[in-house]
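Quick note: the sequence shown, position 121, residue 121 per full-length UniProt numbering, numbers continuous.
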Amino acid sequence: MKATLSWSNIIYIYTQTILIKYSIIIFKMTTKYEVVVVIVPFPAQGHLNQLLHFSSLISSYNNIQVHYVSTKNHTRQAKIRAHGLLKKNPNIIHFHEFSIPSFPSPPPNPNSNIKFPSHLQPSFESSYHLRGPVASLLRSLSSIARRVVVVHDSLMAYVVQDFTTIPNAESYNFHSVSAFTIFFFLWESMGKPFPIEAELLDNLPSLEGAWFSYLCNLSFSLSFSVKIFVGTFGVAGVQEVTCSSRGNNLCLRVKHLVAPEL
């Protein structure tokens, strides 16, 4: 039996189509930015600094609006140690300094047998409180931008996980260590599934002990993130930055980030 549409169904479908078209037009009219980028670093200096330099590189391309998110103390730390990065144009990056509950800050133990900065662990764990403020920021930005691109440290997936509830938001995972380190980390965590020549491992620090356990405990829900492997960022030797947008991917090609003598 052939199905037929009643006039009421036809009118309903036509009306919904018109509403969708007008909604798209209104969204485009109210959208102020094509792309905004939200940077979420891990609260440790080596991580804060790399993503601050990364923020500067992104914001230099086609006036992309960049939002750098952290706690008040860690944002201040990143700015102080930026080595003149923000002097030329201090307003190029939008800093969001979120308040969090106080946490203990014990002194370091120079006699510890485990060479891990355990005195900073309360500071690291304080980043858990950023989830709510970051989610609110993403929702706010999603109303004024066509795309909200979140670039988060690989240890901050827990903080940005609510991006999945925002239709025009996407997330990318930034590794602050080299691809070689990531390879050996995964290789050991998978139980060393294939052999590697012994001489390649002679000078590598072991992933066993407190540091390895801490990374495993702190790395939450990484499966939903697209991974980006980027080398170390530094002040010296920045000679060329080229950027391009291909499909749904923000592609950045950064050359000569390390001075030749290094």
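All residues carry an ideal CB built from backbone N, CA and C; glycine is no exception.
Legend entry - Identity of the residues DSSP links to Ser178 by a beta bridge: For the purposes of this step, residue 178 is taken as the residue at position 178 of the sequence shown. Looking at the DSSP assignment, Ser178 forms no beta bridge with any residue, so it has no partner.
Inset, instruction - Please look up how many angstroms separate the CB atoms of Val40 and His152, rounded, as I've assumed it's under 8 Å. - result: Here residue 40 refers to the residue found at position 40 of the sequence shown. Here residue 152 refers to the residue found at position 152 of the sequence shown. With a Cβ gap of about 4 Å, Val40 and His152 count as contacting.
Inset, instruction - Assign Asn109 to one of two classes, buried (16 or more other C-beta atoms within 10 Å of its C-beta) or exposed (fewer than that). - result: What you label residue 109 is simply residue 109 of the sequence shown in a count that begins at 1. So Asn109 ends up on the exposed side.
Inset, instruction - Would you decide whether Tyr68 is buried or exposed? Buried here means 16 or more other CB atoms lie within 10 Å of its CB. - result: As a first step, residue 68 must be located in the sequence shown, where it is residue number 68. Under this definition Tyr68 is a buried residue.
Inset, instruction - Helix, strand or coil for Arg146, going by three-state DSSP, please let me know. - result: If you number the sequence shown from 1, residue 146 lands on position 146. Three-state result, Arg146: strand.
Legend entry - Cut-off 8 Å between Cβ atoms - residues of its own chain near Lys32, not counting five sequence neighbours on either side: Numbered from its first residue, the sequence shown carries residue 32 at position 32. These residues qualify, in order along the chain: Ile144, Ala145.
Legend entry - Option nearest Ser59 by Cα separation, candidates Val37, Phe42, Gly46, Ser136: To locate residue 59, count along the sequence shown from 1; it is residue 59. Checking every option, the nearest Cα to that of Ser59 belongs to Val37.
Legend entry - the ligand HEM heavy atom lying under 7 Å from the CB of Leu57: Ligands in the displayed structure: none, and consequently the ligand HEM is not present.
Legend entry - Distance, Ile11 Cα to Ser189 Cα: For the purposes of this step, residue 189 is taken as residue 189 along the sequence shown, with counting starting at 1. For the purposes of this step, residue 11 is taken as residue 11 along the sequence shown, with counting starting at 1. Whole-angstrom Cα-Cα distance: 59 Å.
Legend entry - Met156 to Leu130 span [Cα, whole Å]: In the sequence shown, counting from the first residue as 1, residue 156 sits at position 156. In the sequence shown, counting from the first residue as 1, residue 130 sits at position 130. When rounded, the distance between both Cα atoms is 10 Å.
Legend entry - Same chain only: Cβ atoms within 6 Å of Val230, ignoring 5 sequence neighbours per side: On the sequence shown, residue 230 is found 230 positions in, with the first residue counted as 1. In this prediction, Val230 scores a pLDDT of 46, lower than 50, which makes its location untrustworthy; the coordinate-derived value is nonetheless stated afterwards. So no residue of the chain qualifies.
Inset, instruction - Tell me whether Met29 is buried or exposed, calling it buried when 16 or more other Cβ atoms sit within 10 Å of its Cβ. - result: For the purposes of this step, residue 29 is taken as the residue at position 29 of the sequence shown. For Met29, the predicted structure reports a pLDDT of 49, less than 50, and the residue's modelled location is therefore unreliable. A value from the coordinates is still provided. Exposed.
Inset, instruction - Determine the direct distance from the alpha carbon of Thr15 to that of Ser123, and round the result to whole angstroms. - result: The residue you call residue 123 lines up with position 123 of the sequence shown. The residue you call residue 15 lines up with position 15 of the sequence shown. Inter-residue distance for Ser123 and Thr15 is about 54 Å (C-alpha atoms, whole angstroms).
Inset, instruction - Determine the extent of the beta strand (DSSP E) in which Phe95 is found, giving its start and end residues. - result: Against the sequence shown, residue 95 aligns to sequence position 95. 93-98 is the extent of the beta strand (DSSP E) around Phe95.
Inset, instruction - Out of Ser127, Gln121, Gln65, state which residue places its alpha-carbon closest to the alpha-carbon of Lys72. - result: Counted from its first residue, the sequence shown places residue 72 at position 72. Nearest option by C-alpha distance: Ser127.
Inset, instruction - For Ile58, name the three-state secondary structure that DSSP assigns. - result: Start at 1 with the first residue of the sequence shown, and residue 58 comes out as number 58. Helix at Ile58.
Inset, instruction - Please confirm whether Leu138 and Phe98 have their CB atoms less than 8 Å apart. - result: Here residue 138 refers to the residue found at position 138 when the sequence shown is read from its first residue. Here residue 98 refers to the residue found at position 98 when the sequence shown is read from its first residue. Not in contact: Leu138 and Phe98 (Cβ atoms no closer than 8 Å).
Inset, instruction - Give me the Cβ distance between Gln45 and Arg76, rounded to the nearest whole Å; I'm assuming they're in contact under 8 Å. - result: In the sequence shown, residue 45 corresponds to position 45, counting from 1. In the sequence shown, residue 76 corresponds to position 76, counting from 1. Not quite, the Cβ-Cβ distance comes to about 12 Å (not below 8 Å), so this is no contact.
Legend entry - Sub-8 Å separation of Leu57 and Ala78 beta-carbons: Taking the sequence shown and counting its residues from 1, the one referred to as residue 57 is at position 57. Taking the sequence shown and counting its residues from 1, the one referred to as residue 78 is at position 78. Taking 8 Å as the Cβ cut-off, Leu57 and Ala78 do not qualify as a contacting pair.
Legend entry - For Ile80, the three-state DSSP class (helix, strand or coil): Counting from one through the sequence shown, the residue named residue 80 turns up at place 80. Note: Ile80 maps to helix in three-state DSSP.
Inset, instruction - Report the rounded CA-to-CA distance for Leu141 versus Val150, giving the unit in angstroms. - result: Here the question's residue 141 lines up with position 141 in the sequence shown. Here the question's residue 150 lines up with position 150 in the sequence shown. Roughly 11 Å separates the two Cα atoms.
Legend entry - Range of the contiguous alpha helix (DSSP H) that encloses Gln65: To locate residue 65, count along the sequence shown from 1; it is residue 65. Looking at the DSSP string, Gln65 is not in any alpha helix (DSSP H); the run it does join, the beta strand (DSSP E), is 65-71.
Inset, instruction - Measure the alpha-carbon distance for Glu34 versus Pro101 and round it to whole angstroms. - result: Locating residue 34 in the sequence shown gives position 34, where the first residue counts as 1. Locating residue 101 in the sequence shown gives position 101, where the first residue counts as 1. Spanning the two alpha carbons is a distance of roughly 35 Å.
Legend entry - Between the CA atoms of Ala179 and Asn63 - distance to the nearest angstrom: As a first step, residue 63 is located in the sequence shown; it is residue number 63 there, counting from the start. As a first step, residue 179 is located in the sequence shown; it is residue number 179 there, counting from the start. Those two C-alpha atoms are separated by around 29 Å.
Inset, instruction - Ignore the nearest five residues each way along the sequence and tell me which others in Ser8's own chain have a CB closer than 7 Å to its CB. - result: Taking the first residue of the sequence shown as 1, we reach residue 8 at position 8. The answer is none, since no qualifying residue turns up.
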